[in-house]
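Everything below concerns the one structure shown next.
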Amino acid sequence: VAAAALADAGVSLSEVTAAVQGFGKVGSHAAVFLHQAGARVLAVSDQFGGVFDAQGLDMPRLVRHVAATGSVVGFDDAEPIDNMTLLGLEVDLLVPAAVEGVLDETTAARVRARWVVEAANGPTTTAGDQALAERGVVVVPDILANAGGVVVSYFEWVQANQAYWWTEAEISERLELRMRTAYDAVAELARRDGLTLREAALAIGVRRVAQAHEIRGLYP
Numbered sequence: 007v008a009a010a011a012l013a014d015a016g017v018s019l020s021e022v023t024a025a026v027q028g029f030g031k032v033g034s035h036a037a038v039f040l041h042q043a044g045a046r047v048l049a050v051s052d053q054f055g056g057v058f059d060a061q062g063l064d065m066p067r068l069v070r071h072v073a074a075t076g077s078v079v080g081f082d083d084a085e086p087i088d089n090m091t092l093l094g095l096e097v098d099l100l101v102p103a104a105v106e107g108v109l110d111e112t113t114a115a116r117v118r119a120r121w122v123v124e125a126a127n128g129p130t131t132t133a134g135d136q137a138l139a140e141r142g143v144v145v146v147p148d149i150l151a152n153a154g155g156v157v158v159s160y161f162e163w164v165q166a167n168q169a170y171w172w173t174e175a176e177i178s179e180r181l182e183l184r185m186r187t188a189y190d191a192v193a194e195l196a197r198r199d200g201l202t203l204r205e206a207a208l209a210i211g212v213r214r215v216a217q218a219h220e221i222r223g224l225y226p
């Protein structure tokens, strides 16, 4: 989804710098994905603190450090940084992947990224969302950006019902197709009706639920 959002602006992941707040199951995979796609991940953080390298973090070494110590703190190839400073770094892409409500009106004003991809659930408050929109920051909302886990859970359900299995490569291919299709639908509605990506994603979600109720009835 991050790649799709950047592609809309004619930008490749290999051209951008990024910061990721959170290095758990979501944030660590996001950081590794960005690194593998060619982005320079300048900073990451967890609940204990963060690390920063202006040239880009050595992600494979950082992952091994976290596996050995349980935290990004103490990684010797980077400078220490706190979570709030990370949010205000001069990067192209900011990925809040930790806690709810971290981007409020005050912290959103410090954001210098052009894109915010919400990997956490509800990382941006209503006031923060408005502040980012007023400054032209593109926010890919959580209900779109972090839906991949739910999609793969659906794939597991499908395989169980069919008594069949797909390879990891097949899962990745199907996931990429689903997520790209979802992003394209949201982006198209946003462009057509002059909406933010969040407004468009919510509108599509409400419409689909309403259509399902109309077709199936309130009680299945």
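Residue 7 is where the sequence shown starts when you use the numbering used here, and the numbers rise one by one after that. For glycine and all other residues, C-beta sits at the position ideal for the given N, C-alpha and C.
Confirm, please, whether the CB-CB distance from residue j to residue i is below 7 Å.
{"i": "Val-79", "j": "Phe-54", "result": "yes"}
{"i": "Ala-115", "j": "Gly-33", "result": "no"}
{"i": "Ser-20", "j": "Gly-44", "result": "yes"}
{"i": "Ala-137", "j": "Glu-106", "result": "no"}
{"i": "Val-146", "j": "Leu-195", "result": "no"}
{"i": "Val-26", "j": "Ala-36", "result": "yes"}
{"i": "Gly-134", "j": "Leu-109", "result": "yes"}
{"i": "Val-7", "j": "Tyr-189", "result": "yes"}
{"i": "Val-192", "j": "Ala-206", "result": "yes"}
{"i": "Ser-77", "j": "Asp-59", "result": "no"}
{"i": "Ala-15", "j": "Leu-40", "result": "no"}
{"i": "Val-157", "j": "Leu-181", "result": "yes"}
With distances taken from CA atoms, which of the options is nearest residue i?
{"i": "Gly-155", "options": "Met-185, Gln-165, Ala-191 and Arg-141", "result": "Met-185"}
{"i": "Ala-9", "options": "Gly-62, Val-215, Val-122 and Leu-224", "result": "Val-122"}
{"i": "Leu-48", "options": "Arg-214, Ala-216, Val-97 and Val-17", "result": "Val-97"}
{"i": "Gly-142", "options": "Val-117, Ala-191 and Ala-153", "result": "Val-117"}
{"i": "Ala-126", "options": "Asn-152, Asp-135, Ala-139 and Thr-132", "result": "Asn-152"}
Evaluate residue i with the Cβ neighbour count: other Cβ atoms within 10 Å of its Cβ, from every protein chain shown; 16 or more gives buried, anything less gives exposed.
{"i": "Asp-83", "result": "exposed"}
{"i": "Glu-162", "result": "exposed"}
{"i": "Val-101", "result": "buried"}
{"i": "Asp-148", "result": "buried"}
{"i": "Ala-119", "result": "buried"}
{"i": "Val-144", "result": "buried"}
{"i": "Glu-220", "result": "exposed"}
{"i": "Trp-85", "result": "One point to set straight first is that residue 85 is Glu, not Trp, in the sequence displayed. Result: exposed."}
Could you name the residues that DSSP lists as bridge partners for residue i?
{"i": "Leu-109", "result": "Thr-130"}
{"i": "Asp-52", "result": "Gly-55"}
{"i": "Pro-239", "result": "Only positions 7 to 226 of the chain appear in this structure, which leaves residue 239 out of reach."}
{"i": "Val-47", "result": "Ala-24"}
{"i": "Pro-86", "result": "Val-57"}
{"i": "Trp-121", "result": "Leu-99 and Val-144"}
Report yes or no: do three or more beta-carbon pairs, one from the segment 85-105 and one from the segment 67-74, lie closer than 8 Å? Taking a cut-off of 8 Å on C-beta distances, the segment 85-105 does not touch the segment 67-74, as fewer than three cross pairs fall below it.
Taking three-plus beta-carbon pairs below 8 Å as touching, is the segment 173-181 in contact with the segment 24-32? With contact defined as three or more Cβ pairs closer than 8 Å, the segment 173-181 and the segment 24-32 are not in contact.
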